[in-house]
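See below for the structure under consideration.
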Amino acid sequence: MAPTPPNQPAFTIRPALPRDIPAITAIYTNAVLHTTASYDLEPPTEDVMAARLATILADDFPYLVAEDSSPPRALSPNSIPGPERNAGSERRVLGYAYATPFRPRPGYRFTVEHSVYVAQDARGRGVGTGLMKELVGECRRKGFRVMVGVVGDVRGDGTGAVRFHRGFGFREAGALKGSGWKFGRVLDTGLWELQLQGGEGKGEGSQVAKEGVSKEE
57 MAPTPPNQPA FTIRPALPRD IPAITAIYTN AVLHTTASYD LEPPTEDVMA
107 ARLATILADD FPYLVAEDSS PPRALSPNSI PGPERNAGSE RRVLGYAYAT
157 PFRPRPGYRF TVEHSVYVAQ DARGRGVGTG LMKELVGECR RKGFRVMVGV
207 VGDVRGDGTG AVRFHRGFGF REAGALKGSG WKFGRVLDTG LWELQLQGGE
257 GKGEGSQVAK EGVSKEE
């Protein structure tokens, strides 16, 4: 279980499951509609998010959720669980994180790109920190060597994400000026890298990358 700041609701981190898709979709929808954390302009459907989860897990990449670990309370017969709660209880998904191939070519098989999203009203509770800590550990155990973070609107709304990455030892690798467009604004995109020291295990990187395209299509 990831550490939780004092006086804050406890949470546990576990592998994502198909039943988490409504909660994951709700969290991502908020990020798409109201932030520059994602450059998506329209929220994807639950079917699309379910397909993404299935692909990530099939390729043996980590996909995690942070779940409220307070004792669940049974829902009353007349209540309807919200999209961030698992049906049958009030145990709530607070955020999620996953890693994917940085690029599909085999030579990049030791490098991953990460994504972390936290429900708007769960921010500031250590959820993102807990998810990132577990995600970094999983990627090390799988033998990955470099983790890349892509920060949208790095000179504006993304400054909080910059502090977040620095807190985990990420170093700025560069910025793509004017590479994004959202909310009627031109956005700079930051690239951040974390050296994973070759991993703690003897993994050989992602299978999907090893079997990736070897020539331009």
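Going left to right, the sequence shown walks through residues 57 to 273 as the numbering used here numbers them.
All residues carry an ideal CB built from backbone N, CA and C; glycine is no exception.
Taking the DSSP output, what are the residues bridged to residue i?
| i | result |
| --- | --- |
| M203 | V168 and L250 |
| V242 | W237 |
| G230 | L247 |
Determine the closest residue to residue i out of the options, with distance taken between C-alpha atoms.
| i | options | result |
| --- | --- | --- |
| V204 | V192, D177 and R241 | V192 |
| L250 | I77, T215 and G223 | G223 |
| H221 | L232, F166, S171 and R196 | S171 |
| A79 | M105, T92, T215 and R219 | M105 |
| I69 | L150, S94, A110 and I83 | L150 |
| R196 | G230, A231, T92 and F166 | F166 |
| V210 | P118, F117, G230 and A178 | G230 |
| W248 | V218, R181 and G234 | V218 |
| L120 | F158, Q176 and Y154 | Y154 |
| F158 | V206, A87 and I83 | V206 |
| A87 | D103, T185, R179 and S126 | R179 |
Given a threshold of 16 other Cβ atoms within 10 Å of its Cβ, counted over all protein chains shown, does residue i qualify as buried or as exposed?
| i | result |
| --- | --- |
| L73 | exposed |
| T81 | buried |
| F239 | exposed |
| A107 | exposed |
| D76 | buried |
| P71 | exposed |
| S262 | buried |
| K233 | exposed |
| G208 | buried |
| A66 | exposed |
| R181 | buried |
| L243 | buried |
Where do the N-terminal and C-terminal ends of the beta strand (DSSP E) with residue i fall, by residue?
| i | result |
| --- | --- |
| P157 | V149 to P157 |
| T68 | F67 to P71 |
| A217 | Careful: A217 lies outside any beta strand (DSSP E), inside the alpha helix (DSSP H) at T215 to G223. |
| D124 | Y119 to D124 |
Determine the direct distance from the alpha carbon of residue j to that of residue i, and round the result to whole angstroms.
| i | j | result |
| --- | --- | --- |
| R227 | T245 | 14 angstroms |
| R148 | A122 | 9 angstroms |
| T156 | E169 | 5 angstroms |
| D124 | W237 | 35 angstroms |
| P160 | L187 | 25 angstroms |
| E190 | Y152 | 11 angstroms |
| L97 | Y173 | 16 angstroms |
| T215 | T92 | 11 angstroms |
| R241 | P118 | 33 angstroms |
| F200 | G225 | 16 angstroms |
| A114 | T101 | 20 angstroms |
| E194 | P99 | 28 angstroms |
| V183 | T85 | 18 angstroms |
| G163 | Y95 | 26 angstroms |
| L109 | L252 | 24 angstroms |
| T111 | V202 | 21 angstroms |
| G212 | Q176 | 18 angstroms |
| I83 | D103 | 15 angstroms |
For the alpha helix (DSSP H) containing residue i, list its first residue and its last residue.
| i | result |
| --- | --- |
| K189 | V183 to R197 |
| A175 | Unbroken run through A175: none, as it is neither H nor E. |
| V104 | E102 to A114 |
| A93 | No alpha helix (DSSP H) holds A93; DSSP gives it neither H nor E. |
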